[in-house]
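Enquirer:
What follows is the structure in structure tokens.
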């Protein structure tokens, strides 16, 4: 169902690492970036820091309605956690809609015909869409058993290479900076939001994409993504992927798609602007 925007609407594309907000008023559309949030993370310090960041950047807005699309919004319990957080910042806003981040990608794309829509950011998720309805979806197994193709899983592969001594020296230097391997290991287990921290290591790959071991790591990573979250649908449909990983590794994903029989692959960084344009 397509929503038309009322006056003073706040829309958010909230990933586990960062959130992109848009405040739409009759005068202008203002974009704001903040920390991400995942309601599946039960760390109290983490929630406190997210609330502090969101209040500092958003509390001066007075939205009539909020459309929240977020990672980890998988049932009524996680949706309520998000609503409670938003009510703490916007106590006078009565109309709050909470859906998964995959719904934003689905609603942002207005192309006709059946297709596969997916999220490739800190986490990952895919589904088959026809006539704006999800007709098939491989269940998301989350951080412990799934997230194939995601920034988090790629970050874990980087850490494994670092400790298994297969990491190129240039990448090792970028990750460790002035720390010892043991100091870095201790840091890993002290993070209030370890998923975002691990996914954040992926940015260091940009300086060593020419390294053979890095190329092999990336190739294996996206082959897993296709074989676990795309190929099982058994339909060679156009593929629309949204998220930081989809955007950054656009070429690698398209090459892997072509190899596995998916010639039509489109990668986008952010579905937020498209979603808004469809409703103004």
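Numbering (the numbering used here), first residue to last: 2 to 281. Idealized CB from N, CA, C, for every residue including glycine.
(1) Nearest to residue 57 by alpha carbon, out of 34, 45 and 40?
(2) Just to confirm, is the Cβ distance from residue 149 to residue 105 under 8 Å?
(3) So, is residue 108 buried or exposed, given that buried needs 16 or more other C-beta atoms within 10 angstroms?
(4) Count Cβ pairs between the stretch 9-21 and the stretch 110-127 that sit closer than 8 Å; are there 3 or more?
(5) In terms of DSSP beta bridges, what is residue 82 paired with?
(6) With a threshold of 8 Å on Cβ separation, who are the neighbours of residue 205 within its own chain once the five nearest residues in sequence on each side are excluded?
(7) Helix, strand or coil: which one does DSSP assign to residue 12?
(8) Taking only three categories from DSSP, how would you classify residue 200?
(9) I'd like the span of the alpha helix (DSSP H) that includes residue 1, first residue to last.
(10) May I ask you to list the residues that DSSP assigns as paired with residue 266?
(11) Distance check for residue 151 and residue 222, CA to CA, integer angstroms please.
(12) Would a C-beta distance cut-off of 8 Å place residue 25 and residue 277 closer than the cut-off?
(13) Can you say whether residue 266 is buried or exposed, counting buried as having 16 or more other CB atoms within 10 angstroms of its CB?
(14) With DSSP run on the structure shown, which of helix, strand or coil describes residue 191?
(15) Taking the alpha-carbon positions, what's the residue 238 to residue 178 distance?
(16) Check residue 166 in the structure and name its three-state DSSP category.
(17) Is it right to say residue 76 is buried, meaning 16 or more other beta carbons lie within 10 angstroms of its own, or is it exposed?
(18) Let me confirm a value: residue 245 is counted as buried when at least 16 other C-beta atoms fall within 10 Å, else exposed. Which label applies?
(19) With a threshold of 8 Å on Cβ separation, who are the neighbours of residue 65 within its own chain once the five nearest residues in sequence on each side are excluded?
(20) So residue 37 packs on residue 197, CB below 8 Å; how close in whole Å?
(21) Identify the continuous alpha helix (DSSP H) that holds residue 275 and give its terminal residues.
(22) For residue 132, count the other beta carbons within 10 Å of its own beta carbon; 16 or more makes it buried, fewer makes it exposed. Which is it?
(23) With distances taken from CA atoms, which of 88, 202, 256 and 55 is nearest residue 227?
(24) For a test of the three-state rule: what should DSSP assign to residue 124, helix, strand or coil?
(25) Please name the residue in 193, 79 and 101 whose C-alpha comes closest to that of residue 12.
Expert: With the given structure in hand:
(1) Minimum Cα distance to residue 57 is reached at 34.
(2) Contact: no.
(3) buried
(4) yes
(5) For residue 82, which the question treats as bridged, DSSP gives no partner whatsoever.
(6) 159, 172, 175 and 176
(7) strand
(8) helix
(9) Nothing can be reported for residue 1: it is not among the residues displayed for the chain, which extend from 2 to 281.
(10) 240
(11) 9 Å
(12) yes
(13) buried
(14) coil
(15) CA-CA distance, residue 238 to residue 178, rounds to 43 Å.
(16) coil
(17) Residue environment analysis places residue 76 among the exposed positions, since fewer than 16 neighbouring C-beta atoms fall within 10 angstroms of its C-beta.
(18) Label assigned to residue 245: buried.
(19) Around residue 65: 7, 8, 9, 10, 94 and 96.
(20) 6 Å
(21) 273-278
(22) exposed
(23) 256
(24) coil
(25) 101
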